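K.L.:
Residue numbers (numbering that gives the first Met the number 0): 0 to 207. Glycine included, each C-beta is placed from N, C-alpha and C at the ideal position. Just so it is clear, the structure is predicted and the values come from calculations on it, not from any experiment.
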Amino acid sequence: MKTTIHLLAFLALFFFGCKETIVQEQLPKEYTNDLLHADLVGKVIQKNSKATVIVSQVMPIDSVEINPIDGSFTFRDLRKGNYDVTIRADNYRIYSKANVMLDGGSIVYFGEIDLSSVPDLVESFYPENNGEIVYDWRYGRISVSILFTHPMDRESVEKAFSVEPAVEGIFYWGSYTQAPMYGFFADAKTGFDNGATITTFSKVTSMT
């Protein structure tokens, strides 16, 4: 009987002595916002590019340089709303994304950005450097071509257009021919020619 009484007393003390514990995830204080502000974080893959990240609304509001160790960047306490985000770095194409929404009290992850080394005025080109050269059998020749994003001056482009090794060829202005596909042309409504092509019978390994 005494054993039963002692056991009941022990169990009563055990259950009354336990307290309910609620575990909540604790965010670092530097990332804690009120409902009117938010943080924006992200990463640039080219961590040695010394890229600058700019947030703007019509005009630039803030800018930071990426962390050279891991390529990360952080904006803290931005007012909630939408922003345009631009990333600039020497020898890389300008990256931009419009209307990035920041909700109050949030930490928005912008993602990992892979900067392009294609110049800003070049939309695309064929072939890529050290890429396979495909013959356009319709004409029995190789076509090396560039498509631009903005109106260009023919004389300047023709002077700057070069391939390695140097070859002789015919320079065409206005048509963008991507071998092995056949040519397509700039829309006449644009009012300008936006492509350049050189054709040659020689072997080409790269283009600038």
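DSSP on S161, reduced to helix/strand/coil?
P.N.:
Assignment of S161 by DSSP, reduced to helix, strand and coil, places it in the coil class.
K.L.:
I'd like the list of long-range same chain contacts for L120, defined as Cβ closer than 8 Å, with 5 residues on each side in sequence excluded.
P.N.:
F147, T148, H149, M151
K.L.:
Cutting at 6 Å between CB atoms, please list the residues of its own chain near S105, excluding the five before and the five after it.
P.N.:
A37
K.L.:
Please classify I86 as buried or exposed, where buried requires at least 16 other C-beta atoms within 10 Å of its C-beta.
P.N.:
buried
K.L.:
I'd like the list of long-range same chain contacts for L34, defined as Cβ closer than 6 Å, with 5 residues on each side in sequence excluded.
P.N.:
G103, G104
K.L.:
Spell out a yes or no on whether the stretch 92 to 100 and the stretch 59 to 75 are touching, meaning 3 or more CB-CB pairs, one atom from each, closer than 8 Å.
P.N.:
no
K.L.:
I think E111 touches K42, with their Cβ atoms under 8 Å apart; what is that distance to the nearest whole Å?
P.N.:
5 Å
K.L.:
Quick check: the Cα distance between Y82 and P67, rounded to an integer number of angstroms?
P.N.:
24 Å
K.L.:
Go to R78, then tell me how far its beta strand (DSSP E) extends in each direction, as first and last residue.
P.N.:
71 to 78
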